[in-house]
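These notes concern the structure reproduced below.
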Ligand code: ADP
Ligand code: MG
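In the UniProt record's numbering, the protein residues as written are 19 to 337.
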């Protein structure tokens, strides 16, 4: 069972940033208003994610760390319309199998918090306000082959920060802070979506991009299309979310690229942010454990709509 978990972990946990992403997903699913990410040595030595969400009842604490234990879906039918970020019940078990993990949590009605040490199974009293803290130490300590693939602390840190930026852009209503080695790296307070884009991607990006807002039936597309002639346009700032989930999708990037080619005939890949909201039954997020891929029921319609949203935004900027 330990081996099976470790193999499964390989699919979910690639590097510290994967842990950060899963833990922040969980914090968001728990309704957190503020999320704190604290890292040591690029997250390799330790990752702590603290939230002020609903907490885990002490009776369910051991279950939360078990493989395929999720409190988020009760039936296969619900898998069709999953509204939470997590639903597989794999992340915590997978992370625990390749690290030293402990979870401290407190629900609103609990007299105090409880901490569960994943390895020993030891449960103890802990002090914290409502919410959950997950601590992950010494990632891949027992799988040196995997640990060898990690890059420098600076690179791993950059990936962790990027993971939080993706969440922060999608959830402007939630406050985020990232600390590394006891120093504040980035902090974003709850604000409007426009403000969050400016806070995370910079005022330059806002000035050099055009907003769009397209809604058609079960599909809503909002975001900003960067103007390629903008000197500070950065190709690595291309973000797409589907129902709040950061994704990388060939169909969508193709639609955007073709819009830019049509309107601007430019070779440069500009920055953009695109938020796709779609009826959950029209998209399958259950394709890959890391949930970065999605499959649309009607890819053609998505392609056309995305293309149109960008063409309109870019055409407006020209007139
Ligand atoms: P999933 O998110 O797919 O359900 P996880 O392994 O990520 O699976 O988490 C297992 C369970 O632990 C969740 O279903 C949830 O009940 C609980 N849990 C994990 N993290 C938190 C958190 N930060 N706040 C509240 N509950 C949590
Ligand atoms: Mg999860």
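We put the CB at the ideal spot given by N, CA and C, even for glycine.
Pick helix, strand or coil for residue i, following the three-state DSSP scheme.
| i | result |
| --- | --- |
| residue 59 | helix |
| residue 130 | coil |
| residue 122 | strand |
| residue 337 | Unreliable positioning characterises residue 337 in this predicted model, as indicated by a pLDDT of 47, which lies under 50. A coordinate reading is not provided. |
| residue 7 | Since the first residue of the chain shown is 19 and the last is 337, residue 7 is not available in this structure. |
| residue 192 | coil |
| residue 147 | coil |
| residue 153 | strand |
| residue 168 | coil |
| residue 141 | strand |
| residue 113 | helix |
| residue 70 | coil |
| residue 83 | coil |
Give a yes or no on whether the C-beta atoms belonging to residue i and residue j are separated by under 8 angstroms.
| i | j | result |
| --- | --- | --- |
| residue 263 | residue 103 | yes |
| residue 154 | residue 117 | yes |
| residue 241 | residue 289 | no |
| residue 317 | residue 178 | no |
| residue 112 | residue 42 | no |
| residue 121 | residue 150 | yes |
| residue 323 | residue 229 | no |
| residue 141 | residue 187 | no |
| residue 72 | residue 45 | no |
Residue i: which of the options sits nearest, CA to CA?
| i | options | result |
| --- | --- | --- |
| residue 145 | 123, 164 and 39 | 123 |
| residue 319 | 298, 273 and 311 | 273 |
| residue 83 | 63, 107 and 72 | 107 |
| residue 114 | 148, 37, 190 and 130 | 37 |
| residue 198 | 63, 40 and 29 | 63 |
Query raised in the report: Do the stretch 63-74 and the stretch 42-55 meet, that is, are 3 or more Cβ pairs less than 8 angstroms apart?
Result: Touching, yes, given that three or more Cβ pairs across the two stretches are closer than 8 angstroms.
Query raised in the report: How about the stretch 278-297 and the stretch 325-334: do they share at least three Cβ pairs that are nearer than 8 angstroms?
Result: yes
Query raised in the report: Counting only runs that start and end within the UniProt domain "DNA mismatch repair protein S5" (215-333), where is the alpha helix (DSSP H) found for 4 or more residues in a row?
Result: 221-225 and 268-282
Query raised in the report: With a cut-off of 8 angstroms, do at least 3 Cβ pairs link the stretch 288-306 to the stretch 203-210?
Result: no
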